[in-house]
Structures are given as structure tokens and as C-alpha cells.
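The listed protein sequences derive, respectively, from chains A, B and C.
Each number in our numbering corresponds to the 1-based position in the first sequence with 1287 added.
Each number in our numbering corresponds to the 1-based position in the second sequence with 30 added.
Each number in our numbering corresponds to the 1-based position in the third sequence with 3 added.
Let me begin by presenting the structure, written as C-alpha cells, before commenting on it.
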Amino acid sequence: MRNRYNFAAVLSAVVLICCGALILGQKVNAAGEGKISGTVKFDGTAPHMKVIDMAKDPYCSKAHANDPGHLETYVVGANGGMANVVLYISDWTGSAPASTTVPVFDQKNCMYTPHVLALDTGQTFKVTTSDQTAHNIHPNPNPMTGNIPWNQSQPPGAPPVEKSWKAPEFIEVKCNIHPWMHGWHAVVKGPYATTDSSGNYTINNVPPGNHTVTAWQEAAGTQTQKVTVAAGTAGTANFTFKAK
Amino acid sequence: MRTRMQSWSLVVAASVFALPMLSWGQLTQYDLETRMGTESHVGNVTGHAKDAKTGYRRYCVGCHGPLGDGNGENFPWVDPKPRDFQLGIFKCRSTPTGTLPTDQDLFDTIGRGLDRSNMPQWNALSVQERADLVAWVKHFSPRFASDKPGTPIQIPPEPEVTADRIKAGRDVFARVQCWKCHGVLGQANGPSASTLQDDLGRPIAAFNFTDGSRPKCGSTDQDIFRIFMTGLDGTPMPSFADNIKPDEAWDLVFYLRALMPQKSKERDMAKQLGLKPVDMNAPAAQQ
Amino acid sequence: MRVSSRLHLRNIFQFATSFAAVALVLTSIVLTCSQPAHALPAFARKYGLRCSACHESWPMLNYFGQKFKDNGYQLMNDRDAPIWQNPSYWPITLRMTPFWSRESTNKVAVDNAALDATVEQKLTTTGFTLSGLDILTGGTLEKNITFLLVPSADETGAFHFESASVRFDNLFRSPWLNVKVGKFELDSFISEKRGLTLSGSGGGFQLFHFIPVGDGNIFGQVGDNQIGAEWMGHSYNDRTRLSVAVFSSVDGNVDQPYGQNSYTAFIAGSHAFGAGKLGVQRIGGYAMFGQAPTTYLTNGGVPLPGTGVGNKSFSRVGFEGLFYLGSKLDVQVFTQHGSDDKWFGACFGDIITGTCDPFNNNSTGGPGLPDGARNPTWNGAFVETHYIWNPQFLIFQRSEWIRMSQQAIPGTPSNLGDIDNYVFGYRYNPFMTSRAGFAFHNEYSWIRQRGTSPVSGTDLSTNSLMLGFDFDF
């Protein structure tokens, strides 16, 4: 008798928990304390990144007099770790998480910092300039996605420009005045992370459950992996890219 | 083994990289049919898209294409390329960068044409015909159905041209560094002029103030004011609305007139002043 | 003397009428076949515009095309000058129309052996033939210096210059100051050169070439290209147009074959206005006032070309209207009051094409003006309607009437030379691109002139059925 009650209770509990997890798993704002972390590495010798000739603008070449700027298509660390790779939950359903941070996209020494800025849809970001030479900030999304291109000047001392993006897209950002300046706004839905200089990343606020993680690198393309996150633990997804 | 998601992601990534070579608007005829009821309002004239079908075919389709994506039969031989209306991005607007133009903006562009391009001045067409064509242009882009045009910028009344204002205009030209593309004399030979590209990756030239050409979006002082205070969307020309105050903007307009070869009060005054061009090698603060 | 002069007059009269009859038929065929034609795919190629952008239905211009022409074949986009074109661009267009036709004349003078007389007989011919060839070159030599050169061949391949002019456009940056010099079409916005009718009995506008029976004035033809100079001005959007042309009274013939110092002026003006949903309407008028010689010096009795004296005057005045009734229907209206001096009416004037007897009429020592001769005057009008089903398919018709209001020679029937002309047809363009024009042209026309049949002096009529292919590259 008791066993049957116990069984029923346990069964109901399991059902309830599973249903709850399923339902709560749909809600973005669920208290997801889970994480996904890992490392993104580059397989093989990193492609050589050309030195940028900044002669067009003496201010820029002066800023890089001792430390020439390089193209940042592939930024690979000493141990093969790839920086500037964006990782996100590509099968995220529901609305984007409410974000409190306003990330900054800075123009410094005639380069974009960070090179890749990951964002949620609807997340406000700030574009600033730390340079004493004029820039224009010109993101170039595909208007058919719902993201509309705009183009604003940023002369020395210009106030920050605050904007946000409506739709998920990997948006190329450029400066028309300095043609070597390339950056990205990686607009995704759901939690995301960007790899650091060692190629390590951690996506926070991941609700428990099965997820598909996509790693995006601007030239190497994307890769996906399925990750299961249990409550309180960190899922792992490591990626290896080859040069295209 | 790649999952379907991976394959599609690659396709997406590949198409993103291929974007400079493609036109982005790729709506179908079926999609366009859903917006046949688009209207335009210009003054007290209402234009109707469905009344413009024949007019578009007669006048416009050779360049802008049957789907309005700029892929008309003359696309390969025309430079600058015809506008892709499906993207909803237009150069000549009275509205801020990243927003839709008003119906009046589109009407004016059709009538005025675009200098130094194959876009003719269609002011020989009747007002009704042009208003209908505005509605037809709008029906190509889903943006006009979902978004409202931006709020037109406020243009304060034009002040008197004075020598001080022309000098102040030169200072604005120096401070926001117009010369980077346009050159210190406005000859389109600035240090960044040779690498300019439009949003689709095609080479594009900065405006040359000195060769007698007319500015793209009209030749009045107000038209020039609007160009740099709203930017030419789809091109490297940004909006300076955040960085030039409206009163300073008039100073800049007068200075730009002084650079142009047409006879003007500004040109005479600048000559009398012996105004020197901006020194691009001086540090930013002292230009 | 009087009797003989009367007889003489009747002989001349008969000669004139029979000749006029043949001339009428021949002229209309020649008019058609010399194919004055101004639709230039070269412009379409240069600017990337389809034919339909400038032409209501080629070759007839719409308002945009008229503005393009009035600007000197320029779009005014600072890219008109030849330096902006690929060097391989050549401003050249060729137009020709091979066709099958059925031509029928109700009274042709033929011998009748049985009666041993000349009788009138109906004549109908069918067959394939060609129009003439037009080679049209035009456009910019430099910004605001433009040209039009049209060597044109008749159907046998004999060439002449239909147009050869240079124009200085937008002088002092003003659209009101344009000067054209050379051989050019007179500035009527209803243009025969860009007309939509091509058949033998209906290709040209009768009012553009009307010469009363027995009249020697060939110099007042509004439809012939003339050699002279023209000032033309227009408003920025071409709504208002004005022009004054002054040209030699030689009917466009070179080498000054007629008189010295005889000139004609042609003044035209029009204004267009929007009429809401109906479209843009244009109304205007024209006036041609000229002088031309009536007698010539002779050598051994033969009149000498270029020695024309005795300038007498003539005028052609009328109203023109182009009315759009919605986007698919337009109506052209053209009227004329014509008046020639009585000398012309008495068959003095032209000595080249032989309308009058040069030996007697055109020498300064000749018989002079017959008694009671008066200025021949006439009134006429035509209405031409176009229904543009779509830019590729056009249905057209024209009705034209000319009525003499005063005959030159007393005793002449008052309706001698009156014309009635009806034309209808359609043009179908199977494709519309920015490269070439091609139309399937089918037309029927009927024309009747009073009192000009070669033998009996009764009504002469011809009709044409034309099935043709009009191509233009």
C-alpha cells in the first residue's frame, strides 16, 4: 500500500518536475543558473594576418607607430585558442533576456574595440570614439531582416551613439573613412558569450535542458553542438575550426 | 557529419559574405501583389500604386526591374546602379538616417532626378502620375507597410550670409573633417576618397564641389543642409545631426557654397576674405 | 487675244488638274516611302531608357520625350556629353519598313484604243514593297551643343539630307535660349516626322503639304524640313514652349535654286497644364508668314534658277492641341487657315518641280496675272486619336478635311481641291526594350480630292491597305 503511494508520489513529482522543467525551460527568464563553457581552438597554423597600412591617416599610423595594427579576421592565441568567436544558443525560443548592461563599441586607435560585439536583440549598446580623428560608424545589416542600416559621423569628441538591433543577424560594421576598420555586431537571441584571447568562453544564465550551441567565427563559419545542461552544473562544448 | 542546422548556418554565413555581390531584396511577385493597395500623400494629391503599374513599366522598369530590385535590363551598363526599392533605403530624405523617407521626399526625387546618374528628371509627368509612382515605389518594400517614415528634421530659417558665418563654416568643415573624403578644397580628393564603397560594396565617389555638378538631392541651400544633417543612406556619407548644431549647419552650407563654382554671394565673400583652405596636416584641434 | 488666253487657261487648267491628280497619288506614296521617322533607339541605348519612356508609342513623343528633345537631346544630368559615354557608343539609328500594300485609285487616265481617247479607269495594285531608309544620328557633340543629322533614302536608295542641324542649348544657362541652325523640322509639337501613320493614302498630314489645285507655291509646306535658323525657348519642365524660325523660301532644297532674298518665318507657341486625373493637356498655335518668288529671269526663254524675283507673300496659321483623356487616350487637333498670294494661285512660283508651266508663267517677260485672279484661301483641320491599350499596343485613327474658301481663278468650282482623308490602324510592338524598336503596323486609309480626276475633272480618290513591319535599331 505504502509503496504504491510512494510510487505515485514519486511518479507525480517526477512528472511535475519534468513538466515544470519543460515549461520553465521555454521561458527565457527562468532562473537558469546553468552555464555552458568551453574552448574554441584553431586547427593548424593560424593564417597570417596582414599588417594594416594606415598611412591614409597620420593620426592612425602614429598611434600604431610601435605596435602595427593587423587585420583581425582570425585572432589566434599562442595555444591555438581563437578569440572573437561568438557562442549562443541557436535553438533559443521565447523572447530575449532582459539585459541591464549597455556594452560599449569603441573606436580606439583607428580599430574597433571589441572587434566582435555580441548582443541580444533589443539590447542597447553605445558607440564611442576615443580617437582624435574623425570616424563614421556605419553598420551594414541586411534591411530585409528588419535591421535597418544607419550611418552617423563620429568626429573627435563626439558624444556616444546609443542604438539597438531588432533582429538576429551578424552585422558587419565599418568606417568609410578608414577602410581597414571592420567590426561585427553579432545579434542573437538568448544568452551568449564571446571567446577571450585564449579561446575560452562561458555562457551564463543557461536554463537546464538540452540546447544547441552554435559557434560563429566571421571567416571560418559556424559549427553546432548539442549540449545538455543539468541544474547547477556546467555543460561543455569545445569547438575546433579550420581555416577556410 | 553536419546537421541540417550546420548546413543552413553555412548557407547563411556564405550568403552574408556573398552579399556585396548580390542585391539583397529578393521578394517575389506574389509578395509584391499583397501591397498593391499602397497609397501616397503628396500635398493634397493621393497617389495609388495600382494606377502606376503602366507608368512604371513605361518609364522605370528598364533600370529598376520588374521587381523593383534594381535589376532592370540596363543594370550592367549604368553607373551608379539603379536603386533597389525592396530594401527601403533612400539617399534623399528629410528624415534621420536609418528611417524611411516621406512621400514628399520620394516625389521630389522623382521630379528632380539625380544629377550625374541615369535617373532622369521626371517633372514632365503630371503631379498625379508622380504621386502614383511614389505609391508604387513604396509597394516594393515591406518596410513601408510596417514602419512609418521618420520625423523630418527641423530646418531653422536661413540666416543672412556674413563673412563670419563663412569663416565659422570653414571651422565646421575642419572640425568634423569633411575634408577626409571631400578634400580640403572640396575636390573629392581627400585621403579616404579613393577607397569609398557603397553599402553593396561598389566603388562610389564623394561629391566634387568644384566641378559645377549639382548636389544629388536638390540645389537649394535647404537641400544641402538636409544632406549632411540626414546623411545619404546606402552611401559612405553619414549624418552629422549629432555633431553639428542647426545654426552651425547654416555656416557650413555657406562655406560649401563658397567652394562651388556657381556665382554666389558666399563665393564672392570668401574671395574677399582671402579664406584659406583647411590645413589637413594640422592637429585636429587646430584645423 | 482674250479668247486664246482663255483657251490657254483651260489647257493649263487641264494640265494642272491631271498633273495634280498624279502628283497627289505620287506624293502620298513618296511621302510614305521616304519614311520621315524620328524614333532613336540610339538614345535608348545611351541612357538606358526604354522607347516607351520618351515615346507615347514610338515614334510619337510623350511629354518626357518632348522635354528631352527640347533640352537638345539631353537628360540634363551632367552626363550628356559624349566624353561620359563608352567610346564604342555610336549615336546612330536605322529605320525602315518593308510592307505589303494594296493601293487603289478610282480614276487613272489611260488610253482606250477602241474609243481613240483617254478615259478614266480604276486601278488597283497589290504587292510587297519597301519604305525608304532613315539613318538618324543625333545627340551631343558637347554639353549643350547638340546635333541631328538624318541622311534619308527613298525606297530606291536615292539619298538626300532630311535634317542636318546644330543646336546651341541653354545659352547663358537658360532653357529659354536655344538656337538651331541648319536644315530642320519646323517646331510643331504635332509632328509629321514622328507620325504614327504610314500608308500611301494616309501616311502624312494633308494640311502639312496642301497646295491648292493650280497653285505654284511649294514654299508654304509646314511638313517639309526647311533650311534656316531657329530660336526656341521653354520653361524648366517644358510646360511652355516658344519658337521663332527664319528660313530661306526654298522648301528645304539646297543650292538656293529659287530666288535670292526670299525668307519665311515660322512662329509657334504652346502651353501645357495639368488637368488632374485626365493628364497634361497642351494647346498652342503656329503662324507661318513668308515670301517667295513668282517670276524668274530667263536666258533664251529658259527661267534661270536662283534668279527669282517678284516676291509674293503667303501665310499658314492655325491652332494645335494635344489632349490626354486619362492615361490611355489622347487626341491631337490641328487646324489651318492658309492663304497664298494670287500670283501663286495663278500658278506662278515653283520652277523646279514643274507644277506650273515654266516657259509661260515663270518668266519675267511672261503673260502675267490672269484677270480677276484672287488669293486662294482655305481652311482645314484634322483630328487624330490614339488609344494606347498598353505601351506595346496602339490603335489610331485620323480624320482630316480641307475646304477651299476662295479659289484663285474665277469660274473655278468652289470645292476644287477639297480633301477628305480618313485613316485608321494599329501598331503592335511584340517587345519593348532599351535597344531596338519593332512594330507590326497595319493601316487602312482613304482620301478623296474634289475635281482632280485626270480626264473628267470629278472626284479623285485613292485608298491604301498596308500590312507592314516597322523596325528601328
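Beta carbons are placed, not taken as given, at the ideal position from N, Cα and C, and that holds for glycine.
All figures in this text were calculated on a predicted structure; none of them were measured in a lab.
Review point. By DSSP, does R319 of chain C sit in helix, in strand, or in coil?
Key: Counting from 1 along the third sequence, the entry for residue 319 of chain C is found at position 316. R319 of chain C falls in the strand class under three-state DSSP.
Review point. When we look at the beta-carbon of R256 of chain B and count the other beta-carbons within 10 Å, is it buried (16 or more) or exposed?
Key: Looking up residue 256 of chain B in the second sequence gives position 226. Per the 10 Å Cβ criterion, buried.
Check your understanding: Short check: CB of P1426 of chain A to CB of H1472 of chain A, under 9 Å?
Key -> Stepping through the first sequence from its first residue, residue 1426 of chain A is reached at position 139. Stepping through the first sequence from its first residue, residue 1472 of chain A is reached at position 185. The Cβ-Cβ distance between P1426 of chain A and H1472 of chain A falls below 9 Å.
Check your understanding: Given that R205 of chain B touches chain A, what residues does it touch there, using C-beta distances under 7 Å?
Key -> Here residue 205 of chain B refers to the residue found at position 175 when the second sequence is read from its first residue. Those are P1442, listed as they occur along chain A.
Review point. Counting contacts by CB-CB distance shorter than 9 Å, is G223 of chain C in contact with chain B?
Key: Residue numbering aside, residue 223 of chain C sits at position 220 when the third sequence is read from its first letter. It does not: the Cβ of G223 of chain C has no partner Cβ on chain B nearer than 9 Å.
Point to revise | Pairwise C-alpha distance: D218 of chain C and V458 of chain C | key: Here the question's residue 458 of chain C lines up with position 455 in the third sequence. Here the question's residue 218 of chain C lines up with position 215 in the third sequence. Between V458 of chain C and D218 of chain C, the C-alpha separation is close to 19 Å.
Practice item. Could you tell me which chain B residues have their CB closer than 9 Å to the CB of L52 of chain C, listed as they occur along the chain? Key: Position 49 of the third sequence, counting from 1, holds the residue named residue 52 of chain C. Those within 9 Å of L52 of chain C in chain B are Y89, G92, C93, N104, N148 and P150.
Review point. Using a C-beta cutoff of 9 Å, does S222 of chain B count as contacting chain A?
Key: On the second sequence, position 192 is the one that residue 222 of chain B refers to. Yes, S222 of chain B counts as interfacial toward chain A.
**Study point:** Same chain only: Cβ atoms within 6 Å of D73 of chain C, ignoring 5 sequence neighbours per side
**Key:** Translated into positions along the third sequence, residue 73 of chain C becomes position 70. By the criterion of a C-beta distance shorter than 6 Å, D73 of chain C is surrounded in its chain by H237 and D241, once the five residues flanking it on both sides are discounted.
Point to revise | Against chain A: residues of the segment 272-297 of chain B by CB proximity under 8 Å | key: For the segment 272-297 of chain B, the beta-carbon criterion of a distance under 8 Å to any beta-carbon of chain A is satisfied by D272 and N273.
Review point. Just by C-beta distance, which residues in the segment 1338-1352 of chain A are closer than 9 Å to chain B?
Key: Taking 9 Å as the Cβ-Cβ cut-off against chain B, the residues of the segment 1338-1352 of chain A that qualify are A1342, K1343, D1344, P1345 and Y1346.
Review point. Within the 9 Å Cβ cut-off, does N238 of chain B reach chain A?
Key: Within the second sequence, numbered from 1, the residue matching residue 238 of chain B stands at position 208. With 9 Å as the cut-off, N238 of chain B does not count as an interface residue toward chain A.
Review point. Excluding sequence positions up to five away, which residues of its chain have a Cβ less than 8 Å from the Cβ of P3 of chain C?
Key: Nothing can be reported for residue 3 of chain C, as the shown portion of chain C is limited to 4 through 476.
Point to revise | Exposure label - G135 of chain C; buried when at least 16 CB within 10 Å | key: As a first step, residue 135 of chain C must be located in the third sequence, where it is residue number 132. Buried: at least 16 other Cβ atoms inside 10 Å.
Review point. Are any of the Cβ atoms in chain C nearer than 9 Å to that of A198 of chain B?
Key: Walking along the second sequence from the start, residue 198 of chain B turns up at place 168. With respect to chain C, the C-beta atom of A198 of chain B has no partner C-beta closer than 9 Å.
Practice item. Return no unless some Cβ of chain B is closer than 9 Å to the Cβ of A56 of chain C. Key: For the purposes of this step, residue 56 of chain C is taken as residue 53 along the third sequence, with counting starting at 1. Yes, its Cβ sits closer than 9 Å to a Cβ of chain B.
Check your understanding: Within the 9 Å Cβ cut-off, does C211 of chain B reach chain A?
Key -> Indexing the second sequence from 1 puts residue 211 of chain B at position 181. Output row for C211 of chain B: interface = yes.
Check your understanding: H1357 of chain A bridges to which residues according to DSSP?
Key -> The sequence position of residue 1357 of chain A within the first sequence is 70, counting from 1. For H1357 of chain A, the pairing in a beta bridge is given by DSSP as A:V1338.
Exercise for review: Could you tell me whether the segment 408-421 of chain C touches the segment 377-385 of chain C, using the rule of 3 or more Cβ pairs below 8 Å?
Suggested key: Counting C-beta pairs closer than 8 Å gives three or more between the segment 408-421 of chain C and the segment 377-385 of chain C, which meets the contact rule.
**Study point:** Rounded C-alpha distance that separates P245 of chain B from R87 of chain B
**Key:** For the purposes of this step, residue 245 of chain B is taken as the residue at position 215 of the second sequence. For the purposes of this step, residue 87 of chain B is taken as the residue at position 57 of the second sequence. Near 28 Å, if we compare the C-alpha coordinates of R87 of chain B and P245 of chain B.
Point to revise | Positions along the segment 433-454 of chain C whose CB lies within less than 7 Å of some CB in chain B | key: Contacts with chain B (Cβ-Cβ distance below 7 Å) from the segment 433-454 of chain C involve T436 and S437, listed in chain order.
Practice item. Answer yes or no: does any C-beta atom of chain A fall closer than 9 Å to that of D229 of chain B? Key: Locating residue 229 of chain B in the second sequence gives position 199, where the first residue counts as 1. At least one CB atom of chain A sits nearer than 9 Å to the CB of D229 of chain B.
Check your understanding: Just the Cα atoms here: how many angstroms apart are S249 of chain B and G261 of chain B?
Key -> Stepping through the second sequence from its first residue, residue 249 of chain B is reached at position 219. Stepping through the second sequence from its first residue, residue 261 of chain B is reached at position 231. The straight-line gap separating the alpha-carbon atoms of S249 of chain B and G261 of chain B is approximately 16 Å.
Practice item. Output, in chain order, the set of chain B residues within a Cβ distance shorter than 9 Å of V1514 of chain A. Key: Counted from its first residue, the first sequence places residue 1514 of chain A at position 227. Neighbours of V1514 of chain A on chain B: none; closest Cβ ~13 Å, over 9 Å.
Check your understanding: At what residues does the alpha helix (DSSP H) containing D298 of chain B begin and finish?
Key -> Numbered from 1 along the second sequence, position 268 holds the residue referred to as residue 298 of chain B. Start and end: K295 to L303.
Point to revise | Proximity to K344 of chain B [Cα-Cα], best of B:V308, B:Q59, B:R195 and B:Q158 | key: No answer is possible for residue 344 of chain B: the residues shown for chain B start at 31 and end at 317.
Check your understanding: What does D263 of chain B reach in chain A if we use C-beta pairs closer than 8 Å?
Key -> Taking the first residue of the second sequence as 1, we reach residue 263 of chain B at position 233. Neighbours of D263 of chain B on chain A, chain order: P1436, W1437 and N1438.
Practice item. Give the residues of chain B in contact with H1425 of chain A, contact being defined as C-beta atoms less than 9 Å apart. Key: Translated into the one-based positions of the first sequence, residue 1425 of chain A becomes position 138. Result: D229, P266 and P268.
Exercise for review: Could you tell me whether the Cβ of Q116 of chain B comes closer than 9 Å to any Cβ of chain A?
Suggested key: Taking the first residue of the second sequence as 1, we reach residue 116 of chain B at position 86. Yes, Q116 of chain B lies at the interface with chain A (some Cβ there is under 9 Å from its Cβ).
Point to revise | Residues near W321 of chain B by beta carbon distance below 6 Å, same chain, minus five either side | key: Here chain B covers residues 31 to 317 and nothing more, so residue 321 of chain B does not appear.
Practice item. Determine whether the Cβ of A165 of chain B lies closer than 9 Å to any Cβ atom of chain C. Key: Taking the first residue of the second sequence as 1, we reach residue 165 of chain B at position 135. Chain C places no beta carbon closer than 9 Å to that of A165 of chain B, leaving this residue out of the contacts.
Review point. Counting only beta-carbon atoms, is S318 of chain B nearer than 9 Å to chain C?
Key: This structure cannot speak to residue 318 of chain B, because chain B is shown only from 31 to 317.
Review point. Considering only residues of the same chain and omitting the five flanking positions on each side of S273 of chain C, which have a CB-CB separation below 7 Å?
Key: Along the third sequence, one-based indexing puts residue 273 of chain C at 270. So the qualifying residues of the chain are F192, R244, R285, I286, G287 and E323.
Exercise for review: Could you check what DSSP says for H1351 of chain A in three-state terms: helix, strand or coil?
Suggested key: Numbered from its first residue, the first sequence carries residue 1351 of chain A at position 64. DSSP places H1351 of chain A in coil when its eight states are reduced to three.
Review point. Are there three or more Cβ pairs, one per stretch, closer than 8 Å when the segment 147-155 of chain B is compared with the segment 194-212 of chain B?
Key: Below 8 Å, too few C-beta pairs join the segment 147-155 of chain B and the segment 194-212 of chain B to call them touching: fewer than three.
Review point. Looking at the C-beta of D333 of chain C, does it have a partner C-beta in chain B at a distance below 9 Å?
Key: On the third sequence, residue 333 of chain C is found 330 positions in, with the first residue counted as 1. Answer no: the Cβ-Cβ gap between D333 of chain C and chain B never drops below 9 Å.
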